[in-house]
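Reviewing the structure listed below.
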Amino acid sequence: LTDMVHSLYPDEDVKIRALTDQVILTGDVSTPAVANKIVDLVSNYAADVQGNTATNPDDVIVNMLGIQGERQVMLRVKIVEASRNALKDLGLEFNSPTGAGAGKNLTATFLTSAALGLASPTQLG
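Just so you know, the sequence shown maps onto residues 8 to 132 in my numbering.
Shown next as structure tokens:
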């Protein structure tokens with residue numbers, strides 16, 4: 008198994024050790040995608056050795072692989088665009104009368120509606 012991983016991923020520093028009924032992966036790889044591919048390969052091999060028993064791969068594989076390079080964070084972001092006229096049609100005030108900046112009353116209105124459990128912003132009237 009170690010030779011197969013090293014032949015398929017020669018640039019990666021992966022060590023494979025067996026501990027009772029678990030396989031421990033240590034070392035460093037270049038990307039998270041490579042780490043996932045190696046884990047999949049080892050888990051498929053382990054399933055073949057165990058006779059394809061319906062064991063969760065997480066119970067067999069201990070993934071201690073490190074990722075080289077800078078740490079990256081994946082963010083899931085939703086951007087909403089709303090026109091001022093559409094907000095007025097809903098009865099929402101966009102400009103703050105206190106001069107504190109645009110959006111203050113809009114935020115307060117949404118927070119108030121959420122706190123009061125209103126079904127829609129049109130009920131804010």
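The beta-carbon is built from N, C-alpha and C at its ideal position, and this holds for glycine as well.
Proximity to Val-67 across Thr-33, Lys-44, Thr-27 peaks at Thr-27, based on C-alpha coordinates. Rounded to whole angstroms, the separation of the alpha carbons of Lys-95 and Met-71 is 54 Å. Three or more beta-carbon pairs separated by less than 8 Å are not found between the segment 30-48 and the segment 82-96, which leaves the two stretches without contact. Val-56 and Leu-32 do not touch by the CB rule: their CB atoms are close to 15 Å apart, not below 8 Å. Taken in chain order, the complete beta strand (DSSP E) segments of 3 residues or longer contained in the segment 35-76 are 68-74.
DSSP links Ile-31 through a beta bridge to Arg-24, Val-69. For Lys-95, the three-state secondary structure derived from DSSP is helix. Taking all protein chains in view, the Cβ of Val-12 is crowded by 16 or more other Cβ atoms within 10 Å, so the residue is classified as buried.
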